[in-house]
Every structure is written in C-alpha cells, then in structure tokens.
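Some notes on the structure that comes next.
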Amino acid sequence: MGDVARICGIPPRRLRYWERSALLSAASDSADRTRFDFSALVSVRSIVGLLQQGVPLRRIRRCADALRARFPERDPLAGLQTWRDAPRLLLHHEGAWMEPDGQLVLDFVPAEPGGVVAPLDRDNPEARLREARTRFERGCELDGERATWEAAAEAYQRALDLDPGYADAACNLGSVRFHQGRRDEARAAFLLAVEAAPFHVEAHLNLGVLCEEDGGDEQALAHYRKALESDPHYPDIHVSMALIYEKLELVRTALSHWRRYLQLEPRGSWARIARKHLDDAEAEGPGPA
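Per numbering that gives the first Met the number 0, residue 0 is the first one in the sequence shown, and the count goes up by one each step.
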C-alpha cells in the first residue's frame, strides 16, 4: 500500500479508504499485508487522473459500480475516461466507447452545489448511508486546501449527522480541525472515530500525536500500540514508536522500530533519518532496552 501511495502521489489514508469502501480490489499475502497487483495500480492511477481532471469521486464510484455489474470479469476503472469536454465518463471496451450501463447516451452528472438536489428520504437507511458517503467524498475533495478546510469540515460533519458511526468521516474531520488549530474539536472527532472503529489506524496515530504534544507520553504510546496492532505494516506507526521510545530512553526498542521502518519504506526522507539513527547507535554501542 505504501508503494502504491508513493507511486501515485496520494496519502496512504486515502488509498486505505478506497480499499475499505470497495472502490479498489486488493489481496492479502501470507503475512496479512494488503497487496495491489499491476491492474490495481493502473486503476489507482486512473482514479487519480480523473480526480485531477475535476471528476468527483462519487461519479467515479457510481460509474465503477455500474461497470462491475455489467463486466464482472474485469476491473473497469483502467478503461474509464472522460469524453472530450463532456461531463460524462465512458468506457473504452474492445475497441468501442460506451456508457457504463451500455447505452449510447446517458448523463451521469450528479447535482452540484447550487443546482437542484433531490430531497433525501430520511426514512430510508440505505439512502442516508449513500448520502453520507457522498458528503464524505465531497469533504475529501475539499480538505487539501486551507481555503476550503471549513467547507470540508462541514461536509464531514454532515456525513456524521447522517451516519454517526462513520469512522473515516470523524477521523478526517479531526484532521481538518487539527490543522485549523481547534485541538479540542480534533480530539473529540478522533475519539469518536475510535469509538466507532476501535482499530482505526489513523485516528489512533492522531490521538497519539495530541497526547505527546500535551506531555502524555504513556497515553500516546498506548495509542501507537493500538495502531500497530491494527496494521503492523504501516510505516508511519514505526516512526512514531521509534521517536517516543527514544524520548522514553528505551533505545534498543526504538532501534527495532527504525529497522522495521526501513524494511517497509527503504526510500525517502524518513528512511534517511532512520539510517542515521541506526548508524549513530552502532557507533555509540548498545543502549538500554
């Protein structure tokens, strides 16, 4: 997962959500690590390309669902493309262009802000969950820029109003509030995320950061351990654990996490930092466990 995120230039948490919500297909290896084959990598790049062209993720998902129902033997995302300057998406399949449902002309444009939006059937649980996902994905489109942080937070809050157990929406809301300097609201959102999903990796990592900043190293370590239990192959967890063990003067335990980080993520700025810590430790000799 880390390799795919780096190759395609997207945050691992975004890729993790696409896999959790079945937009992407992944497999697990013998060590229970999430693995993507080449076709899945092509699909990720296709999604990223469509997003960069301004296609909303909810439209990509809707088209992908329709295409998978029609072509269950293949992953259709790699062939999904915009058609000239038109708002609809088409599939290039066996030398021909077609709408996701096989029709020659079909408008997949959802109502945008300012347009006419169909009223939500509040008595229909499935409709509420669909709308919650739509609001969440709208938040994902907006949370990358400071100017749209508040709009993203409103979208995530709306998703939570519709589905109070939407852990990913709570975690992303917490991230936005953290970046805005609204720490109490961020903490409340992260706690809501782990209440809804006790093994939510990103929420535990973020709570660990808040605890460390408040001087609660033991609390932070507990959250990092919970994150590690959730996903031992997530490189960022090992960075956090290495740093806090160094702060607690448990040098050898810290070094084990630097080594594990390098096994999972051998390139990049943190890899260079990890190697420096290991080189310095080798020069100084063994420290306390």
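Note that CB positions come from ideal geometry on N, CA and C, so glycine has one too.
Everything numeric in this text was worked out from a predicted model, so none of it was measured.
Arg-34 carries a strand assignment under DSSP once its states are collapsed to helix, strand and coil. In the DSSP assignment, Gly-180 falls outside any alpha helix (DSSP H) and carries neither an H nor an E. Excluding sequence positions up to five before and after Asp-235, its CB lies within less than 8 Å of the CB of Pro-11 and Leu-204, all in the same chain and listed in chain order.
In this structure, DSSP gives Ser-45 a helical state, which the three-state scheme calls helix. By the beta-carbon neighbour count (other beta carbons within 10 angstroms, threshold 16), Asn-123 is exposed. Per the coordinates, the alpha-carbon of Ala-131 lies some 7 Å from the alpha-carbon of Arg-157. By the neighbour-count criterion, in which 16 or more other beta carbons inside 10 Å mark a residue as buried, Ser-239 falls on the buried side. Under the three-state reduction of DSSP output, Ser-229 falls in the helix class. Listed in chain order, the non-local C-beta contacts of Asp-162 below 7 Å within the same chain comprise Arg-127, Leu-128 and Ala-131, local neighbours out to five positions each way being set aside.
Out of Ala-65, Phe-198, Ile-6 and Arg-34, the CA that lies nearest to the CA of Glu-18 is found in Arg-34. At a Cβ-Cβ threshold of 8 Å, Ala-192 and His-199 count as neighbours. In terms of CA proximity to Arg-137, Ala-150 leads the group Gln-52, Ala-150 and Arg-145.
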